[in-house]
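Peer 1: In our numbering, the protein residues as written are 42 to 244.
Every residue gets a Cβ at the ideal spot worked out from N, C-alpha and C, and that includes glycine.
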């Protein structure tokens, strides 16, 4: 299994293993809460605690994505958007990067055999269920907003059990392959330790 996971991660875009979130009826209150989450148009603010934290994180993540996304400007925009949407949903940004790697291989216009779309391979039924008809799942921020909101929803359903939440996200609940691949990508490709800094004190 370890060799299989390693081979899939090395393959890059061909390693995409998009599944399909399955339609499940939602209570009116849950549907309303998810709709509010994806429709919230509050002005985007930095999700980093300080500008230094932003520089450190982006400097660590950007080189790892360079082969897949050569354009530096777009790469930084994607990373900032991932960090913002993941943080907003209460998710680890590095986990979301691992999920994107496995789901779409960082291909913006990826479409799975089941019809899942974009970076986070979101199924179109979510737009009708919790979003707005005009929402495009190929739009960078829209796709990330939906994907992070859906994963947060599954984590809440599973009371924080990431293994089961990832299974729901991929439509493979109960099977270990997909959660293990996402965890491997998260830990091996996107792990991050915040640099320790010595506090400057005046005299």
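1. Can you name the residues that DSSP bridges to residue 163?
2. On a Cα-Cα basis, can you pick out the residue from 122, 71 and 223 that is closest to residue 86?
3. When you compare only the Cα positions, how much space is there between residue 110 and residue 102?
4. What alpha helix (DSSP H) runs, 4 residues minimum, are completely inside the region 113-142?
5. For residue 86, does the three-state DSSP call read helix, strand or coil?
6. Measure the Cβ-Cβ separation of residue 139 and residue 151 and say whether it is below 8 Å.
7. So which of 135, 216, 148 and 174 has the shortest CA-CA distance to residue 229?
8. Per DSSP, what kind of secondary structure is residue 235 in: helix, strand or coil?
9. Using DSSP with H/G/I as helix, E/B as strand and the rest coil, what is residue 56?
10. I'd like to confirm the pairing. Which residues does DSSP put opposite residue 152 in its beta bridges?
11. Assign residue 216 to one of three DSSP states: helix, strand, or coil.
12. Among 153, 190 and 107, whose alpha-carbon lies nearest the alpha-carbon of residue 74?
13. For residue 67, report the span of its alpha helix (DSSP H) as first-last.
14. Does DSSP classify residue 197 as helix, strand or coil?
15. If contacts are defined as beta-carbon pairs under 8 Å, then residue 124 and residue 89 qualify, I think. What distance do you get, rounded to the angstrom?
16. Excluding sequence positions up to five away, which residues of its chain have a Cβ less than 8 Å from the Cβ of residue 72?
Peer 2: In terms of the structure at hand:
1. Counting from one through the chain shown, the residue named residue 163 turns up at place 122. Answer is 158.
2. For the purposes of this step, residue 86 is taken as residue 45 along the chain shown, with counting starting at 1. Here the closest residue by C-alpha is 122.
3. In the chain shown, the residue the question calls residue 110 occupies position 69. In the chain shown, the residue the question calls residue 102 occupies position 61. Residue 110 and residue 102: Cα-Cα distance of roughly 12 Å.
4. 113-129
5. Looking up residue 86 in the chain shown gives position 45. Looking at residue 86 - three-state DSSP - the assignment turns out to be coil, as it is neither helix nor strand.
6. Here residue 139 corresponds to residue number 98 of the chain shown, with the count starting at 1. Here residue 151 corresponds to residue number 110 of the chain shown, with the count starting at 1. No, Cβ-Cβ distance for residue 139 and residue 151 is not below 8 Å.
7. The sequence position of residue 229 within the chain shown is 188, counting from 1. Ranking 135, 216, 148 and 174 by Cα distance to residue 229 puts 135 first.
8. As a position in the chain shown, residue 235 is number 194, starting the count at 1. Residue state, collapsed to three classes: coil.
9. By 1-based counting over the chain shown, the position of residue 56 is 15. Unreliable placement is indicated for residue 56, whose pLDDT of 42 sits below 50; no coordinate value is reported for it.
10. By 1-based counting over the chain shown, the position of residue 152 is 111. Answer is 158, bridged to residue 152.
11. Residue 216 sits at position 175 when you count from the first residue of the chain shown. Coil, per DSSP.
12. Position 33 of the chain shown, counted from the start, is the residue given in the question as residue 74. Closest option to residue 74, Cα to Cα, is 190.
13. Residue mapping note: residue 67 aligns to position 26 of the chain shown, counting from 1. Looking at the DSSP string, residue 67 is not in any alpha helix (DSSP H), and its letter there is neither H nor E.
14. Position 156 of the chain shown, counted from the first residue, corresponds to residue 197. If DSSP states are grouped into helix, strand and coil, residue 197 belongs with the helices.
15. Translated into the one-based positions of the chain shown, residue 124 becomes position 83. Translated into the one-based positions of the chain shown, residue 89 becomes position 48. The pair is a contact, with the Cβ atoms about 7 Å apart (cut-off 8 Å).
16. Taking the first residue of the chain shown as position 1, residue 72 is located at position 31. Counting only Cβ-Cβ distances below 8 Å, and skipping sequence neighbours, we find 170 and 171.
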